[in-house]
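Line order of the protein sequences matches chains R, Y, E and B.
Residue 83 in the numbering used here is what sits at position 81 of the first sequence, and the numbering runs on without skipping anything.
Residue 10 in the numbering used here is what sits at position 8 of the second sequence, and the numbering runs on without skipping anything.
Residue 49 in the numbering used here is what sits at position 47 of the third sequence, and the numbering runs on without skipping anything.
Residue 231 in the numbering used here is what sits at position 229 of the fourth sequence, and the numbering runs on without skipping anything.
Working notes for the structure below.
Protein chains: 4
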Amino acid sequence: MDSIGIGLIGTGFMGKCHALAYRSVKAVFGDVPAPRLEVLCDVPAAKAEKMAGEFGFARSTDDWRQLVDDPSVDLVCITTPNKSHKDMAAAALSAGKHVHLEKPMALTLGDAKALTALAETAGSRTIVGYNYLHNPAIQHARQLIADGAIGRIVHFRGMVDEDYQADPDLPWTWRATKADAGLGTLGDLGCHLISLAAWLAGPIESLVAETRTVHATRPLPDAGGERRLVENEDVASALITFEKGVHGIVSTSRSAWGRKNSIMLEIHGTDGMITFDQERLNELRLYQNRGPKAEQGFKTILSGPAHPPYDRFVPAAGHQLGFNDLKVIEAHAFLTAIANGHAAYPSFSDALHFEAVIHAIAESGETGQRVRI
Amino acid sequence: MDSIGIGLIGTGFMGKCHALAYRSVKAVFGDVPAPRLEVLCDVPAAKAEKMAGEFGFARSTDDWRQLVDDPSVDLVCITTPNKSHKDMAAAALSAGKHVHLEKPMALTLGDAKALTALAETAGSRTIVGYNYLHNPAIQHARQLIADGAIGRIVHFRGMVDEDYQADPDLPWTWRATKADAGLGTLGDLGCHLISLAAWLAGPIESLVAETRTVHATRPLPDAGGERRLVENEDVASALITFEKGVHGIVSTSRSAWGRKNSIMLEIHGTDGMITFDQERLNELRLYQNRGPKAEQGFKTILSGPAHPPYDRFVPAAGHQLGFNDLKVIEAHAFLTAIANGHAAYPSFSDALHFEAVIHAIAESGETGQRVRI
Amino acid sequence: MDSIGIGLIGTGFMGKCHALAYRSVKAVFGDVPAPRLEVLCDVPAAKAEKMAGEFGFARSTDDWRQLVDDPSVDLVCITTPNKSHKDMAAAALSAGKHVHLEKPMALTLGDAKALTALAETAGSRTIVGYNYLHNPAIQHARQLIADGAIGRIVHFRGMVDEDYQADPDLPWTWRATKADAGLGTLGDLGCHLISLAAWLAGPIESLVAETRTVHATRPLPDAGGERRLVENEDVASALITFEKGVHGIVSTSRSAWGRKNSIMLEIHGTDGMITFDQERLNELRLYQNRGPKAEQGFKTILSGPAHPPYDRFVPAAGHQLGFNDLKVIEAHAFLTAIANGHAAYPSFSDALHFEAVIHAIAESGETGQRVRI
Amino acid sequence: MDSIGIGLIGTGFMGKCHALAYRSVKAVFGDVPAPRLEVLCDVPAAKAEKMAGEFGFARSTDDWRQLVDDPSVDLVCITTPNKSHKDMAAAALSAGKHVHLEKPMALTLGDAKALTALAETAGSRTIVGYNYLHNPAIQHARQLIADGAIGRIVHFRGMVDEDYQADPDLPWTWRATKADAGLGTLGDLGCHLISLAAWLAGPIESLVAETRTVHATRPLPDAGGERRLVENEDVASALITFEKGVHGIVSTSRSAWGRKNSIMLEIHGTDGMITFDQERLNELRLYQNRGPKAEQGFKTILSGPAHPPYDRFVPAAGHQLGFNDLKVIEAHAFLTAIANGHAAYPSFSDALHFEAVIHAIAESGETGQRVRI
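Written out as structure tokens, the structure reads:
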């Protein structure tokens, strides 16, 4: 397989991120089939055409079904708003295409399950855009844990926060509705945290949660002060139990002033601790109960060539990867899986667990009862 | 009132801390009755005598009841292991003495309530050693909140951790028993966190919790490998609801490698956020949604003369207070209350709330049910 | 001008960085002529061919003169070892090509001056790869200074360090020779610092310096322990005076264990201070003497859409740019200059000042005398 | 020797600090003669009397010569403005008293030398208040260096800054005169840095420096806008050579907005690096070239019982010492030296080197010439 035809649906935040990733991945890694940027889809058609010129796609369309059916397209990237994920992904799978889908897979757990079931019978590969999993610092954390660097895991903490819904005066949008957005902060941010928790500490078994809508209503734009209900949560927290029996806590807010892309992790072990903050994505902190007490302390490890595949981007430590680079690593993982015929991580099946957990948090937040995953 | 006679029970970690505080408080503040260091109690008598010489107490005894009844003693400091707090404090109150009691007040909530009831009928003043409340940075945080610097509080997070029980090979001690220690990490550390949560965000109404004993057994010393059960919790977390309706999370571990005196606080408001970490006790971090977006960020405020009573210790910012200085401020608060005839904060009544919450966490940890305070 | 033909010489660290930049720049920015990746040069030819496949260049060659003369090539990127910069750049200029040259321009100041003189008479555009200048955080720092956010600049400090020559046992290489490498840490790292100093605080007028070779000799590879002299400096520091009369200090080491890409800046003003560290390239720290003393502190500003052109990469703050992204911004600046017919920054003329300063530091380090630039 | 009579001259910032130190030192350490607080001196007499009551001194006076001659006084603490140090110290030495003198010893190097000569012939002990030397974290740094933890020292950097003279509108005071204050930032701050440099990296041999007065004039108070000249330096920097041949840089500013008590140190070794910042005085950062590259990083070591004499204050790490605690350690060092009949560190002789260096910086700042110490 020399090359793979790419079709990309969406040209917003994540659409651009995918375009950049597939433009760079061959130059960064060398060892994958070269992506051919075939078709770009957005609406209206003029926008799609303009962006195809900028992103370097050969053709454009305003009809995503046409993109999915295009014989030159082997791999469909779906980066449109959450509401459309399910139908697009299902169509792409049915057309035999590999699917690179942005998270979350669907608005409801039922839809995510149905989509996963479809993927399991399809002959093509899937991956969901849990890009933070691909950070070399996170991969190194996972390796350290596997190597016993902190002993047996005994406790986990994670918080993921942003402030894009912190301002009480922000106008009401579709993000506030269950019908169009599904979950609130859990769907946007919480699922990233759960993906990291499960990747580092294993699957989650059960949980009990609380959720809050911080700003109960928001003003309708140009409506003379009229306000509409916010239907989904701004804040959610849960006490979680991992399958290994470990206790943990997770919390997320989309109304946390000052937090721009904060994902704070603490993994407590019998022999040490690892901590991480996504706002400093090139730093991992490690404490080990080793050597003289007078010299123990948290070590700040800067990502470098010793943490692959950092070396594919820069051969010198401390120079730093950025947000968009993580998507390049994700694209590389997907292309490699396709080329080698194995499953990519996280496939739809893997991601289903993450999404089951966020829906369980939402459910427990409503009922107050413990929910098993 | 020119001077106040001090009797101190205990010469360990906190005993020394009290001795230093009452030696320094008049020189630091000037405006309080001078403490007279009258009687120091410890066992055996020789130790009490030696330490009285070092601490500068006039006399020593190995009988705490004698200290309590000594007519030269106006104020009794109790810094012995938790198990003894209740009887000593009750005796001191009954003898008409002011009582400066280390936390927690008692091993059980019932005992704490009984003691509080006794204090409420006594004519003397009480204070419990929740020393972190007296940090100028914390006082400033409270003032900022009162002034609306971060708007209305919408979320609270707190974690308090140390690693003194992190090592799986540490021998079994009385700390592991309900009879002698009562709660585990909740009694040692968790109550500090709750004191801060309530001081900053108001009283707590209800909670649901999980608790874990990380190291189920520990080796008996000199017992050929025999191990004994750890009866209380190493880790505890709770989803809490404040009386104001605000949701929050708290978590504590005494088995958190690398954490030496970590108390991490986040107070989320509608207009900003405040964070704090006790391991950098002279720094407060403040984010405000003010001014141009390009210039917003978390500000690190170093404690200084603008944050009273820091100025009583050092007239220049950034020079830093230490752990023992906080006890001096606490002693000042207590002496001032005694001199002026008003209640000190936190009195036994105030502290009862903190201790009710940690017992509620322990209870919910066992039952899995929500507990109202 | 719809597109610009790119010829790239070199496929190492910086060669790859250029390839990635010119692959991405149109997709990131949209508003520039599309780069056409025409010719890639390296030796041997097989390597050039292989890398052309990976980087996506149309053709390859092992003869850089052929690349320079290729009529499809409008813009020549030079990323080979320093020794070759001068001849390649001169040939490209003579062939009427735009030149994107990695720093430093030449091994000696004389060569750099000659090259600059050539560029000034050429009809084409030039830019030198002082990529850290293009960091949105640095651009914001410059804007803040221009806006008076810290008043008048009164002092400057800068340190740039790495540890690639810290290990005493590293074998001797061409980097240790004046003939092949020219300067030591000054040429590799120091010139970056000077570029930032001049960009933020204005041109430098004079200086006095000290230099040191930390590891006087290094073992020759496979030479049975024979050691050869290190001819250039591992550490250099200078007291500098800016044309504005401001005093500053700069220091650089390539033997600084633990420093991976550290560029620490302090700009002291009459009304505030700005600090920055390249190892956290998305963070700018700002102190302003404004508002109540109790609320003053250093603010950590995370790069975001309010700091253009960050927004072209990610529309949300705190998500972070990486090292390679800065080269994309540099490429954009160059393509824009070419398209619009104005000078790019820093052109050869601009960069000459930076390089004059590092040579002055080396000279003062030898003579001990103050050197005027 | 059971006890030592203390006479303290001065009740300001450092006077209070000394009073607190001598009140606490026996309770903290146990193993020293008990200080008896005999006489306190300040003007006017009423202030001395009031402060003697607060500080717990037995008697007070407004005549420092009377204090020096008081037979109950064995040890004289001198904490008055710099101008008075020399005469008071000389008188105390002549009276056979031990002298605890605040830094700097004198306004001029000549006076400091004369005083040192006097001390060398006296039978009593001396110590100068370079309190930051006594920080357990700094002691640990010195121990690490001695143990070879970072190999051979190859480079040193130090910066000491505050902002008490940063505001251009601050009125003119005696601090601005050579006659009353002597040096500017070098005397207030720079000498602390030099004490740390020499303690950690050994004596300094020669230097070349630049100095600047940032605010050339300041308004006279209540003088209708009239301004007077500032005669001494606000900023000073030097390139220094240690006797061991190591190159280093030092810089100091009293006009550095945002710096409250910043003393930043970097000690570069052939096998690692140590860094420190006095604004986080309980943290030491250590990088070692040991173990796998993937796990190397700067370790943040929190001061704790493993770093004596931290354990005398608090038995648990991370609880933090404060500024005033360092003076207690200094007082302990002095009392121990007196009791044991050995020299304290830094004695007048030791401190003379520090002060010779700051005067050399000032001299080089004026002449532009290298100065040998």
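We put the beta carbon where it would ideally sit given N, CA and C, even for glycine.
This structure is a prediction, so every number in the text was calculated from the model and none was measured.
Segment limits, alpha helix (DSSP H) that includes residue i
i        : result
E:TYR289 : Element bounds for E:TYR289: not the alpha helix (DSSP H) but the beta strand (DSSP E), 285 to 290.
Y:ARG314 : 312 to 315
B:SER197 : 193 to 203
E:ARG229 : Run containing E:ARG229: none in the alpha helix (DSSP H); it sits in the beta strand (DSSP E), 229 to 231.
R:SER96  : 87 to 96
R:LEU111 : 111 to 123
Residue i classed as buried or exposed, judged by whether at least 16 other C-beta atoms fall within 10 angstroms
i        : result
B:LEU188 : buried
R:ASN342 : exposed
B:PHE15  : exposed
R:HIS344 : exposed
E:VAL216 : buried
B:TRP201 : buried
Y:TRP259 : buried
E:LYS246 : exposed
R:GLY186 : buried
R:LEU77  : buried
R:ALA50  : buried
Y:GLY274 : buried
Y:GLN322 : buried
Y:THR213 : buried
R:ARG292 : exposed
B:SER197 : buried
Three-state class that DSSP yields for residue i in the structure shown
i        : result
E:ALA211 : strand
B:GLY32  : coil
E:LEU172 : coil
B:ASN366 : Note on residue identity: the sequence assigns Ser, not Asn, to residue 366 of chain B. DSSP places B:SER366 in helix when its eight states are reduced to three.
B:HIS334 : helix
R:GLU104 : coil
R:VAL237 : strand
E:PHE59  : coil
R:ARG38  : strand
R:ILE152 : coil
B:SER74  : coil
Whole-angstrom C-beta distance between residue j and residue i, which should lie under 8 angstroms
i        : j        : result
R:PRO37  : R:SER5   : 7 angstroms
E:ALA203 : E:VAL248 : 6 angstroms
B:TRP66  : B:ILE11  : 5 angstroms
Y:THR179 : Y:GLU233 : 5 angstroms
For residue i, the first and last residue of its enclosing beta strand (DSSP E)
i        : result
R:HIS217 : Counting along the chain, R:HIS217 falls outside any beta strand (DSSP E), and DSSP gives it neither H nor E.
E:ASP163 : 155 to 163
E:SER264 : 264 to 271
Y:ILE80  : 77 to 80
So if I threshold CB-CB distances at 7 angstroms, which residues from the region 285 to 305 of chain E count as touching chain B?
TYR289, ASN291, PHE300
Please name the residues in the region 129 to 148 of chain E whose beta-carbon is closer than 9 angstroms to at least one beta-carbon of chain Y, in chain order.
HIS142, GLN145, LEU146
Positions along the region 89 to 101 of chain R whose CB lies within less than 7 angstroms of some CB in chain B:
none
Given a limit of 8 angstroms on CB to CB distance, which residues of the region 301 to 331 of chain E reach chain R?
LEU304, GLY306, PHE315, VAL316, PRO317, ALA318, ALA319, GLY320, HIS321, GLN322, LEU323, GLY324, PHE325, ASN326, ASP327
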